[in-house]
Every structure is written in C-alpha cells, then in structure tokens.
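Undergrad: Residues -28 to -1, 1 to 423, numbered by mature numbering (1 follows the signal peptide of the UniProt record, and there is no 0), are exactly what the sequence shown covers, in order.
Every residue gets a Cβ at the ideal spot worked out from N, C-alpha and C, and that includes glycine.
Got a structure here, written out as structure tokens. Questions coming.
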Amino acid sequence: MKKANRFLAGLLAGCMLVSLAGCGQSTAADTSSDATADTSSGTAEEADNSSGEDSEKIVIEYWHKNSETAGGPTIDEYAAAFNESQDKYEIKPVFMTEDYKGIMQQMQAEAAAGNAPGVIQVGYYWLNYFTENYSYVDIKELDESYLDNYLPNIVELCTTQDGKVAGVPYSLSTPVMYYNTELLEEAGLDTSNLPQTMDELYDWARTVKENTGEYGLAFAAASDFWLEQYHIESNGGRMLTYGEDGSAEATFASEEGIEALQGVADLINEDQAATYILGESIKDAFSSGQVAMIGATIGWSTGIIDAADFDVVTGQMPSYGEKERRVPVGGNFLAITALDEEEQQGAWEWIKYLTTAEAHVDWTKATGYVPPREDVTELPEFQDYLEEAPQLNACLDQMEDLAPFVSFPGDSGLEIEQNLLDIRDVIMNGDQTAQEALTEAQNNANELLAG
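In structure tokens form, the structure reads like this:
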C-alpha cells in the first residue's frame, strides 16, 4: 500500500502540471469470446508471412488494443512513418480483440508454441500476471536514463516487486461520464448541473426513460472489471486485501460491493432505465442517441466526441453519497517480449519512437489518454490542445480520488479476471443476484489465491 500511495501522490503532482497548462469548461461539440487478432496492416498470420516480402528488414509485431475509433489509425500512421525512417526494422501493428485480456490470452498461445511478438501493450492491472508468466526485457538494462522522462511514481506502475521495469508507460486514463446534452434537455434535465451522486445519476436515467423512451444510462462493460471496481470501492468495499503475512484475500463480495452492483442491475432489469452493452458497442449506442449517459474511459473521448452530432459534456464519476470516491487508474505500458536480441533492439527503437513528447501529443489527440511524460505539458501544441479539448478536465478534476487498479497476484490472475467478467454478465442480465454471484466468485478467487 505504501507503494500505491507514493504512486498516487506522484500522479496527482504530474496532473497538476497538466492542469496548470490550461483547461477550460468540460464541454465539447460535435460478447465475450476467445481473443482474436486483426490489424489495418494485416492479420497476425500475414505479419508472420510478410517477413519474406522484405528480407532485408527484421519484422517486429506490435500487439495493441486500439480499434479504428480508439487510436488504431494513429498507430498505423506511426508504424508507416517508422518503417520509412530506417531500413533495418519493419513494424507490423496487430490489433487484438478483448482488450488487455485478449493480449494476455494470445500471449498464452504464442508462448505454448515457443513464439512471442516484439512489443505488446500491457494494462497496468496485468503487471503481476504478465511478469510472472512471460519473458520480457527489463527497461533498466536497455537505457535506465530513458525513464527520467517520467515521474518516478508513474514508472512504479510498470515496476515489479523485485525492482525490474517491465515496460515504458504509454497511456493513462480514468473512467468519466459522457452526457448527451440534447437528449437530456429533451427529457427536461438541466445539463448545467450534472449529477454528483449515484442516486442523482440513477434518477436522471429514470427521467430520460420516462420522458423520451430512450435508455438513460450505460456503464462500459469492457474485458476487465475496471468500472465494477469503481462501484465496489467507491461504495466502501475493497476488491482485495492483504494480511500481515502478505497473503492476499479477495473481498469484493462485501455488503458494499453487493449493494453497488445490485443497484446497477436493478436500474437495468427492474427500472429498465439503463442497458448493458458489451465492448465498444456502447460508443455507437451513445453517438446514435440510444443512451443519454455513459460511464467509460477518458481514452475513448476523442472517438466518442468525433462520432456525435450533438454537444457532449464530460463529468467526474458520481460518488456514492458522502463516501470517498476511489477512481481506478487505467491505461498501459509498452513491454518488449521479443525473444531474439536483434528483434529486441528493434522493439526498443520502436518504443522510443512511440514515446517522444511530440508523439504523446498526437496520441492524446487521437485517444484522449492523459500523457505520462512530464515534458509533454511544456509543449505549446499540447497547451493549445487542452484549450480545444476541455473534456480532459473530467479526468484531471478527479485525480485526488485516484486508486490503484487492483491486480490479483499469482499465476491465476487471468482465470480470476474471467470469472469476474462471467459473474458481471449474470448479474447485469438478471440471472443471479449480486449477492449470489459475487459470493461464488469470491470463494473461487480465494481458492485460486491460496494455490
């Protein structure tokens, strides 16, 4: 916990720098399955086969989770520019479905065959699982001075218990609320006074349903338990606790955790004022006016706002009454997983190309992620962008409430995560109560943690 607290303090300091760079009002105009790989540049198989097309270059696969509306085109543009800039390495971006979980699942398959991609995105949540199960290059062994570009506590997001740095910080995010001002005002709601508590948010959702017939609310159901952690911990529960002997215990099936998730499920199944949408389809539902309010990552903000033909307002995640909000940090780091030394060197050159201060400005514009490098805020182009993109304020304004994204230790992290996603489905679909499903999942998690 001391490590986590140091991280939060440092991240807050970094975001204060961003805030000082200049921010305005927070408005702007305008199904679970096994992981599969795809890419604008070609599939993973095509990436393997393409090495013969240019035998003079070393082909390096870059696995990422960024779709066409969440930064994918920018990755392709940067890969093309990198490939043109030198004649030794060829970057092949490979888009992976199922988010960070999908990348870890595909890593399992590659490792079983004795293979590995060159570079992958690893969600901060997956640090323990990734480093305990797969080969990677310690960044400190390549160039420890490169990490000086980042706040020490940001680097800790990628640092193992034994001090190895598993990758370079790339994206930072928090969940925020997105509001369709047109639909909300049609329902008779005052969008100049956004909901501050979950009770107020749920009341707004019911009002939208009653007055417009459209759904009032949806929370993103990604391939992780990120937003569910927000609900559980902001209502006073905890996902995971540690004993004095360092042993971990899953504790999400507390009274507070059950109450929080059952509240969401009741709004969906009893009030029918909210809806449950898997994956990125929630963005289409919002931009088409089928849902008035959604809770989702700030990393989707650019795509969401660009797709909307109405004014989009962003806001902080509402609290559970007077309880302390605990906003989990999301995002990812770039890890080198190449097995060949020459490929590892090429992977390192690619990571450095992606993580310059100037590249981070482009990445923030393409996605909405908050940049992890300290010097990005000093760039005039970034300061100008903050004035054009006030939606980032919703993320920056809740930095005081940041909490670590819980990572289950041991080699069962992927299984525990999948169990949580499975019980989320049954709770939100009304097949089981939150008490039944969470209790069962907690018992299962603790059996796995006990080994």
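1. Provide the residue span of the beta strand (DSSP E) that contains Trp35, from first to last.
2. Any idea if Asp86 is buried or exposed, counting beta-carbon neighbours within 10 angstroms, 16 or more meaning buried?
3. Does the Cβ-Cβ distance between Tyr122 and Arg345 come in under 8 angstroms?
4. With C-beta atoms as the reference, is Gly303 less than 8 angstroms away from Ser145?
5. Which whole-angstrom value is the C-beta distance of Phe197 and Leu392, which I expect to be below 8 angstroms?
6. Going by DSSP, which residues form a beta bridge with Val148?
7. Who are the near neighbours of Ala232 in its chain, counting only those whose CB is closer than 6 angstroms to its CB and skipping five residues on each side?
8. Going by DSSP in three states, Lys295 sits in which element: helix, strand or coil?
9. Taking only the alpha-carbon atoms, compute the straight-line gap between Glu350 and Gln201 and give it to the nearest angstrom.
10. What separation, rounded to the nearest whole angstrom, lies between the Cα atoms of Gly160 and Asn38?
11. Going by Cα to Cα distance, which pick from Lys73, Leu99, Thr411, Trp335 is closest to Thr41?
12. Tell me which residue opens and which closes the alpha helix (DSSP H) that Val342 is part of.
13. How is Val109 classed by DSSP in three states: helix, strand or coil?
14. So, helix, strand or coil for Tyr50, using DSSP?
15. Could you tell me the distance, in whole angstroms, from the CA atom of Gly139 to the CA atom of Ala246?
16. Of all the alpha helix (DSSP H) runs that stay within the bounds of the segment 179 to 218, which reach a length of 4 or more residues?
17. Residues in the same chain with beta-carbon distance under 6 angstroms from Tyr97, minus the five sequence neighbours each way, listed in chain order, please.
18. Rank Glu56, Thr184, Gly209 by C-alpha distance to the C-alpha of Lys295 and give the top, closest one.
19. Are the CB atoms of Thr309 and Val91 within a distance shorter than 8 angstroms?
20. Which residues in the same chain as Tyr151 place their Cβ atom closer than 8 angstroms to its Cβ, once the five residues preceding and following it in sequence are excluded?
21. Would you call the segment 317 to 331 and the segment 181 to 189 in contact, with 3 or more CB pairs under 8 angstroms?
22. Any contact of the segment 219 to 226 with the segment 394 to 414, i.e. 3+ C-beta pairs under 8 angstroms?
23. Using the three-state DSSP reduction, which class does Ala222 fall into: helix, strand or coil?
24. Report all residues from its chain with a CB closer than 7 angstroms to the CB of Asn418; omit the five preceding and five following residues, and keep chain order.
25. Which whole-angstrom value describes the C-beta separation of Val333 and Phe354, a residue pair presumed to lie in contact below a C-beta threshold of 8 angstroms?
26. What residue does the beta strand (DSSP E) around Thr286 start on, and which one ends it?
TA: Let me lay it out:
1. Its beta strand (DSSP E) spans residues 30 to 36.
2. At residue 86 the sequence reads Gly, which differs from the Asp that was named. If you draw a 10 Å sphere on the C-beta of Gly86, you find fewer than 16 other C-beta atoms in it, and that means exposed.
3. Taking the C-beta atoms as reference points, Arg345 is found nearer than 8 angstroms to Tyr122.
4. Yes.
5. The pair is a contact, with the Cβ atoms about 5 angstroms apart (cut-off 8 angstroms).
6. Ala268, per the DSSP bridge assignment.
7. Within the same chain, and ignoring the five residues on either side of Ala232 in sequence, the residues whose Cβ sits closer than 6 angstroms to its Cβ are His203, Ile204, Asn207.
8. The answer is coil: DSSP assigns Lys295 none of H, G, I, E or B.
9. In a straight line, the C-alpha of Glu350 is about 33 angstroms away from that of Gln201.
10. Answer to the nearest angstrom: the Cα atoms are 36 angstroms apart.
11. Nearest of Lys73, Leu99, Thr411, Trp335 to Thr41, Cα basis: Trp335.
12. Careful: Val342 lies outside any alpha helix (DSSP H) and carries neither H nor E.
13. When secondary structure is reduced to three states using DSSP, Val109 falls in the coil class, being assigned neither helix nor strand.
14. The DSSP-derived three-state label of Tyr50 is helix.
15. Rounded to the nearest angstrom, the two C-alpha atoms are 38 angstroms apart.
16. At a cut-off of 4 residues, the continuous stretches assigned as alpha helix (DSSP H) that sit fully inside the segment 179 to 218 are 198 to 206.
17. So the qualifying residues of the chain are Phe377, Ser379.
18. When each option's Cα is compared against that of Lys295, the closest is Gly209.
19. Yes, Cβ-Cβ distance for Val91 and Thr309 is below 8 angstroms.
20. Cβ neighbours of Tyr151 beyond the five flanking positions: Thr163, Leu166, Ala264, Met265, Val284, Val285, Thr286, Gly287.
21. Per the Cβ contact rule, the segment 317 to 331 is not in contact with the segment 181 to 189 (fewer than 3 Cβ pairs under 8 angstroms).
22. With the cut-off at 8 angstroms, the segment 219 to 226 and the segment 394 to 414 touch.
23. If DSSP states are grouped into helix, strand and coil, Ala222 belongs with the strands.
24. The residues are Glu221, Ala222.
25. Sure, about 5 angstroms apart at Cβ, within 8 angstroms.
26. Here the beta strand (DSSP E) through Thr286 covers 284 to 287.
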